[in-house]
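In the numbering used here, the protein residues as written are 11 to 182.
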């Protein structure tokens, strides 16, 4: 079964069964049938997000969802696949299947109930963004104060290098 942890200031932990499960000190509430998570697609060459959907929400709670819309974006999400012991139904292991951050929230209302849908972006997208650091003395000092490895990089930039020099050649 799936364990979904939405790391809001007050975390929400749900699982895809009918009963509550404990893992790493967190109680994942049984939410079978209340919502859905889109399929995790790990095909090479693409980094895809997920969609979370909570159905049948009473219209009276729409204002709560709208009030927290600003909190949604950037909230960490971790999805684990729980491996249960056959006899005790206790979680033996729960490796991380997917991790990312919530992005946008939409609400569809039909008068009596509503559906809340949230998209999430995979944390693998951060790998494509690159680092804002350069090979400079100042950046090196942030990681290793006192290290002088890049101290002379900027003064040497765009300087012509003649190898070997005329003085090196014997007899000329």
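Even for Gly, the Cβ is constructed at its ideal location relative to N, Cα and C.
Between the alpha carbons of residue 139 and residue 59 lies a gap of roughly 16 Å. The Cβ atoms of residue 87 and residue 64 do not sit closer than 8 Å to each other. In terms of Cβ geometry, residue 125 and residue 135 do not form a close pair [threshold 8 Å]. Distances from the alpha-carbon of residue 40 to those of 153, 33, 50 and 29 put 29 closest.
Going by DSSP, residue 166 is part of the alpha helix (DSSP H) stretching over 163-166. Spatial neighbours of residue 115 in its own chain (CB-CB distance under 6 Å, excluding positions within 5 residues in sequence) are listed in chain order as 79, 82 and 128. In the structure shown, the three-state DSSP call for residue 160 is coil. Among the bridge pairs identified by DSSP, residue 110 is matched with 87 and 132.
For residue 12, the enclosing beta strand (DSSP E) has its first and last residue at 12-16. Membership of residue 103 in the beta strand (DSSP E) is indicated by the continuous run 101-103. Between residue 44 and residue 66, the beta carbon gap of about 7 Å places them in contact (Cβ cut-off 8 Å). By alpha-carbon distance to residue 25, the top candidate from 57, 62, 97 and 145 is 62.
Under the DSSP assignment, residue 32 falls outside any alpha helix (DSSP H), being part of the beta strand (DSSP E) whose first and last residues are 31-33.
Secondary-structure assignment with DSSP links residue 119 through a beta bridge to 124.
If you look at residue 151, you'll find it in the alpha helix (DSSP H) that goes 147-153. Shown here, residue 52 sits in coil according to DSSP, grouped into three states, outside any helix or strand. For residue 81, there is no enclosing beta strand (DSSP E); the residue is part of the alpha helix (DSSP H) that begins and ends at 79-82.
Exclusion of the five residues before and after residue 15 leaves 23 and 88 as the residues of its chain whose Cβ lies within less than 6 Å of its Cβ.
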